[in-house]
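J.: Take this structure, written in structure tokens, and hold onto it; I'll ask about it next.
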Amino acid sequence: MPYSVYPLGPLETNSYLVHKDGQAVVIDAGGDPAPILHDLRAKGLTLAAICLTHRHFDHMYGVATLVKETGAPVYSPVHDACLIGTESSDGGIWGFPPVPAFESRDLPTGQQVFGGMACTVLDTPGHTPGGVSYYFPDEKAVFTGDALFYRSLGRTDFPGGDHDTLLRSIRKVLFALPEETAVLPGHGPATSIGNERRNNPFCGDFV
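According to this note's numbering, the stretch in the sequence shown is residues 462 to 668, in order.
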């Protein structure tokens with residue numbers, strides 16, 4: 462499963478293009494998606510889905526443009542619907558611009574297929590009420606949004622955030638994945654489940 466990462470938007474949110482056999486999925490789109498669109502066309506890929514890890518404004522700035530240019534459906538975590546209409550979701554907070562409006566479909570957790578690629582949508586709330594992570598078992602990769610970072614974890618001081626809930630999500634869900642699983646976060650460098658289990662100072666004993 463080849464993938465490309467694009468740090469986009471005012472907070473340089475990691476936006477991912479995942480593809481296989483001519484089909485592609487975008488996970489989060491934090492800013493102008495011009496480089497994503499360029500690569501879709503250059504590689505002859507069809508965008509099958511735009512998947513959100515959570516509904517914070519810095520992960521959604523490019524979604525409306527991607528929809529307009531490709532017609533791909535947008536999947537959004539069910540339990541983040543409570544954030545719609547808030548500044549943390551719609552933008553306008555701290556002087557950042559508003560997020561262009563788009564329609565989305567509710568995304569249940571569990572086994573899914575996006576662009577022909579098997580994916581397990583993991584329930585990893587805490588950074589937001591309904592945050593999810595996308596685990597592609599065949600490719601040994603998990604896209605964690607703002608739940609788990611390299612040697613760190615997501616903030617929980619936004620509306621709907623909860624530190625204890627996020628720790629449970631990391632310890633009981635993400636740390637249950639195989640150690641060799643690549644962790645592809647919403648900001649910063651990639652890491653692995655094994656690395657974070659051993660070295661993340663914020664997660665403590667995960668057993």
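No residue lacks a Cβ here, since even glycine has one placed at the ideal position from N, Cα and C.
Who does T581 pair with in a DSSP beta bridge?
T.: As a working mapping, residue 581 is identified with position 120 in the sequence shown. Per DSSP, Q572 and Y596.
J.: On the CB-based measure, 16 or more other CB atoms within 10 Å of its CB, does G591 come out buried or exposed?
T.: Counting from one through the sequence shown, the residue named residue 591 turns up at place 130. Flag for G591 reads buried.
J.: Tell me, please, whether the stretch 473 to 490 touches the stretch 646 to 656 by the rule of three or more beta-carbon pairs shorter than 8 Å.
T.: Yes, the stretch 473 to 490 touches the stretch 646 to 656.
J.: Tell me where the alpha helix (DSSP H) around K529 begins and ends.
T.: Numbered from 1 along the sequence shown, position 68 holds the residue referred to as residue 529. Residues V524 to T531.
J.: Could you tell me the distance, in whole angstroms, from the CA atom of K437 to the CA atom of S550?
T.: Nothing can be reported for residue 437, as the shown portion of the chain is limited to 462 through 668.
J.: Do the stretch 573 to 581 and the stretch 607 to 622 touch if we need at least three Cβ pairs shorter than 8 Å?
T.: No, the stretch 573 to 581 does not touch the stretch 607 to 622.
J.: Can you give me the start and stop residues for the alpha helix (DSSP H) that G655 sits inside?
T.: One-based indexing of the sequence shown puts residue 655 at position 194. I654 to N660 is the extent of the alpha helix (DSSP H) around G655.
J.: Using the rule of at least 16 other Cβ atoms within 10 Å of the residue's Cβ for burial, across every protein chain shown, is I545 buried or exposed?
T.: Reading the sequence shown from its first residue, position 84 is the one you call residue 545. When all chains shown are included, I545 counts as exposed.
J.: For P559, name the three-state secondary structure that DSSP assigns.
T.: Here the question's residue 559 lines up with position 98 in the sequence shown. Three-state DSSP puts P559 in a strand.
J.: Per DSSP, what are the beta-bridge partners of I488 in this structure?
T.: Counting from one through the sequence shown, the residue named residue 488 turns up at place 27. The partner list for I488 (beta bridge, DSSP) reads Y477 and C512.
J.: Report the option in A485, V560, Y536 and P586 whose CA atom is closest to the CA atom of H624.
T.: Indexing the sequence shown from 1 puts residue 624 at position 163. Closest option to H624, Cα to Cα, is P586.
J.: Are the stretch 484 to 502 and the stretch 560 to 572 touching, with three or more C-beta to C-beta distances below 8 Å?
T.: no
J.: Between R629 and G622, which are expected to be in contact by the criterion C-beta below 8 Å, what is the C-beta distance as a whole number of angstroms?
T.: Locating residue 629 in the sequence shown gives position 168, where the first residue counts as 1. Locating residue 622 in the sequence shown gives position 161, where the first residue counts as 1. 13 Å between Cβ atoms; not a contact.
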